[in-house]
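Asks: Keeping their order, the protein sequence lines are chains A and B. In terms of the working numbering, the first sequence opens at residue 273 and continues consecutively. In terms of the working numbering, the second sequence opens at residue 4 and continues consecutively. By construction, the Cβ of each residue, glycine as well, lies at the ideal position given by its N, Cα and C atoms. This is the structure, below, for whatever I ask next.
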Amino acid sequence: MLKLEAVSAGYGSAQVLRTVSFEAKAGEILCLVGRNGAGKTTTMKAIMGLLPEMKGKVVVDGTVLSDLPSHKVPFYGIGYVPQGRRLFGALTVAENLSVGCLTNDKDTTVLEEVLRVFPRLKERLAQRADTLSGGEQQMLAMGRAMCLRPKVLLLDEPTEGLQPSMVLTIRDAADLMRRRGVAVVLVEQRLDAITALADKVVMLENGQVRGKLSRAQLASENDRLCDLLGV
Amino acid sequence: MMSDSKKDCFAHGGVLLFLFALQFFLPAYHHGNMARIMVLASYAIGYNLLFGYTGLLSLGHAIFFAAGLYGSGLAISQFGFSVGVALVIGVAAGCVLSAVIGALALRTEGVAFMIVTLMFAQAGYLTVLYFGEFTRGDEGFVLAHADRVLWGVSLSDQTSKYFSAFSLFCVSLIMCLALVRSRFGKVLIAIRENEERTQMLGYNVVWYKFCTIILSGSISALAGATYALLFGYVGASFASVEYSIYPLLWVLLGGAGTVIGPLVGMIFMFYLIDLSSGVTTAYMLVAGVVLVFLAVFAPQGVMGEVRSRIWKWLS
């Protein structure tokens, strides 16, 4: 589904990623873990084609995304929920979702599906996005990405700063996407979330892949994971 | 209960109805002022599309207003075209110029975009002065009453002047309202709020910005062309940097990103200077102090504050 082949990238002269390679398959959650500055968000940006200088390949279902301008990437089924939500604060919930439907604007059922996953948003449709609570904003950010009917969903620390009940809602949504056959790439810092959700873990350190763990290896490599997360 | 969308339409329709009715009650002096205000407010509406809705701060919009002004003025004075054709030429000049400037200026962002647009406007101003043989340079030129007749109606007549200005304002306002309520308009707001995120949803933001520059430039040129035809004067001062700053000021005062804000800002600014100049020669000082207070206590502009405090449904 999504494959990174020796991706090296950075910002100007500062190289952040060094030959990063991994694969996320349909219907699995791949957790990207690492300390601050390890290159997790940069990896997400590299997949979306947001970094000006990049080597290596990002491939989705045989299509090389790294050759495309960044605004074309979502048309190949990549949904991205960036860190900090980044909603359009002046638009209402309904307008935010509608703007998110560009690659899928003929499909009228998608909005209903999103509202079924996040019923709280249905009550807030006419409300401006910048007046929502943190959890509701995260639901909207995820809902907007789901409007694309993604094949690959990139979630960058979606539960950061949320209260426990909201964390569960967001995790359930990620799990639902997995069950629908979406490849989910999740940047996560919470050990409990990683152990609960991950089918595969890619450990990043200083912009390089330091190790890959399968779900079966998670328990035995717990100490290594704790060390990497600094917990 | 009336939906927010209907309330929004009724509010804007009410403003248009009020402006239409106003011509029957206003004394002659204010009658002429309102015609001028509506034309310049249309220019500000064009500017607001780019600045208020898309978040692109241009410091060179006078070039588009002047393109319409000189396009229509020269079409009449140099080539003897009719008013209708002159109007089309004026708008076409603004449209082409905005496409060329947009294609080049959009290669930059932020401060560089401001500087590039400012430089283009200065180049336009100097071009007007350089071709003084045709444009009459700083002095400008006047279009004769006899040349300003459309379908047998003289545009220099007070009533037809008001009605023409009102028609222009209606077109600009309705076009702007329809645009910002459409999907296209929502994407412009999304670009203003977060350009990178909008791109990540699959929108070609450069293309959207380019289209908006053309639309904004064309509306500004339409206002410029109408100004020349209604008031009969074409001068280089309209291409100067002041006329690039004015629409920014009107929009900020009235409320950036509100459809009716440019009109409110224009009326406020016009009458602030008009009334204070009747009291003191230091009227610009009075205007400056009032503007500072307004910026401090109503940072979103008059209609922006109205929207955030009372009418949350206002476009």
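(1) Look at the alpha carbon of V156/B and the alpha carbon of S163/B, and state the distance between them as a whole number of angstroms.
(2) Kindly list, in the order they appear in chain B, the residues whose Cβ is closer than 9 Å to that of A281/A.
(3) Can you name, in chain order, every residue of its own chain whose Cβ lies under 8 Å from the Cβ of Q355/A, other than the five neighbours on each side?
(4) So M320/A contacts chain B; which residues on that side make the cut at Cβ distance below 7 Å?
(5) Hey, does D7/B have any beta-carbon neighbour from chain A nearer than 8 Å?
(6) Grouping DSSP H, G and I as helix and E and B as strand, with all else coil, what is A259/B?
(7) At which residues does the beta strand (DSSP E) containing L274/A begin and terminate?
(8) Could you name the residues of the same chain whose beta carbon sits closer than 6 Å to that of A89/B, not counting the 5 residues immediately before and after it, in chain order?
(9) Identify the continuous beta strand (DSSP E) that holds A401/A and give its terminal residues.
(10) So that I know if they touch, is there some Cβ in chain A lying closer than 8 Å to that of I263/B?
(11) Would K297/A be called buried (16 or more neighbouring beta carbons within 10 Å of its own) or exposed?
(12) With a cut-off of 8 Å, does the C-beta of I364/B fall near any C-beta of chain A?
(13) Could you tell me which chain A residues have their CB closer than 9 Å to the CB of I118/B, listed as they occur along the chain?
(14) In terms of residue numbering, what span does the beta strand (DSSP E) encompassing T482/A cover?
(15) So with Cβ pairs under 8 Å, would you call R184/B a contact of chain A?
(16) Does the distance from the C-beta atom of S167/B to that of T229/B stay below 8 Å?
(17) In the DSSP output, which residue or residues are listed as bridge partners for K472/A?
(18) Cβ of N207/B less than 8 Å from any chain A Cβ?
(19) Among S221/B, A226/B, K189/B, which residue has its Cα nearest to the Cα of V208/B?
(20) Report the option in E199/B, F172/B, L294/B whose CA atom is closest to the CA atom of G321/A.
(21) Whole angstroms is fine: what's the gap from L420/A's alpha carbon to E142/B's?
(22) Taking the alpha-carbon of G351/A as reference, which of G238/B, M203/B, V305/B has the nearest alpha-carbon?
(23) Nearest to Q81/B by CA position, among G258/B, V237/B, A285/B, is which residue?
(24) Reducing DSSP to helix, strand and coil, say where Y236/B ends up.
(25) Am I right that F294/A and V481/A are in contact with their C-beta atoms under 8 Å? What's the rounded C-beta distance?
(26) Tell me whether A455/A sits in a helix, a strand or coil according to DSSP, three-state version.
(27) Residue range of the beta strand (DSSP E) that K329/A falls in?
(28) Note down the Cα distance separating P422/A from K317/A, rounded to an integer number of angstroms.
(29) Between which two residues does the beta strand (DSSP E) harbouring R139/B extend?
(30) DSSP state of V244/B, grouped into three classes?
(31) Name, please, each residue of chain A whose Cβ falls closer than 7 Å to the Cβ of K189/B.
(32) If you follow the alpha helix (DSSP H) that V345/A is in, where does it begin and where does it stop?
(33) Determine, for I92/B, whether the minimum Cβ-Cβ distance to residues of chain A falls below 8 Å.
(34) Closest to P391/A by C-alpha separation, out of S370/A, V365/A, N478/A, would be which residue?
(35) Quick one: what's got a C-beta closer than 6 Å to G49/B's C-beta in the same chain, skipping five residues either side?
(36) So, with DSSP's three-state summary, where would you put D464/A?
Replies: Result, derived from the coordinates:
(1) Looking at the two C-alpha atoms, the distance is approximately 7 Å.
(2) For A281/A, no chain B residue has a Cβ inside 9 Å of its Cβ, as the nearest lies near 16 Å away.
(3) Excluding positions up to five away in sequence, the list reads T313, D428, E429, E432, V459.
(4) Here the neighbours are M203.
(5) Yes, its Cβ sits closer than 8 Å to a Cβ of chain A.
(6) In the three-state reduction of the DSSP assignment, A259/B falls in the coil class.
(7) Per DSSP, L274/A belongs to the beta strand (DSSP E) from 274–283.
(8) In its chain, beyond the 5 residues on either side, S75, A78, I79 have a beta carbon closer than 6 Å to the beta carbon of A89/B.
(9) The continuous stretches of beta strand (DSSP E) do not include A401/A, and DSSP gives it neither H nor E.
(10) No, I263/B lies away from the interface with chain A (no Cβ there is under 8 Å from its Cβ).
(11) Exposed, because fewer than 16 other Cβ atoms sit within 10 Å of the Cβ of K297/A.
(12) Outside the displayed span of chain B (4 to 318) sits residue 364/B, for which this structure offers no information.
(13) Think of a sphere of 9 Å around the beta carbon of I118/B: no beta carbon from chain A falls inside it, the nearest being about 22 Å out.
(14) Position check: residue 482/A holds Arg in this sequence, whereas Thr was assumed. Looking at the DSSP string, the run of the beta strand (DSSP E) that includes R482/A is 480–486.
(15) Judged by the 8 Å Cβ criterion, R184/B is not in contact with chain A.
(16) Their beta carbons are under 8 Å apart, which means S167/B touches T229/B by this criterion.
(17) Paired residues: L302/A, S486/A.
(18) With respect to chain A, the C-beta atom of N207/B has a partner C-beta closer than 8 Å.
(19) Nearest C-alpha to V208/B: K189/B.
(20) Residue E199/B is the option with its Cα nearest to G321/A.
(21) Going by C-alpha positions, L420/A is about 58 Å away from E142/B.
(22) Nearest of G238/B, M203/B, V305/B to G351/A, Cα basis: M203/B.
(23) Residue V237/B holds the alpha-carbon nearest to the alpha-carbon of Q81/B among G258/B, V237/B, A285/B.
(24) Strand.
(25) The beta-carbon distance between F294/A and V481/A, rounded to whole angstroms, is 7 Å. This is short enough to meet the 8 Å contact definition.
(26) Secondary structure at A455/A: strand, using DSSP grouped into helix, strand and coil.
(27) Looking at the DSSP string, the run of the beta strand (DSSP E) that includes K329/A is 325–332.
(28) Going from the Cα of P422/A to the Cα of K317/A covers about 16 Å.
(29) It is not in any beta strand (DSSP E) - R139/B carries neither H nor E in the DSSP assignment.
(30) Coil at V244/B, not helix or strand.
(31) Those within 7 Å of K189/B in chain A are L363, E367, S370, V371.
(32) Unbroken run through V345/A: none, as it is neither H nor E.
(33) Contact with chain A is absent for I92/B, since none of that chain's Cβ atoms lies less than 8 Å from the residue's Cβ.
(34) Closest in alpha carbon position to P391/A, among S370/A, V365/A, N478/A, is V365/A.
(35) Taken in chain order, the residues that qualify are S219, I222, S223.
(36) If DSSP states are grouped into helix, strand and coil, D464/A belongs with the helices.
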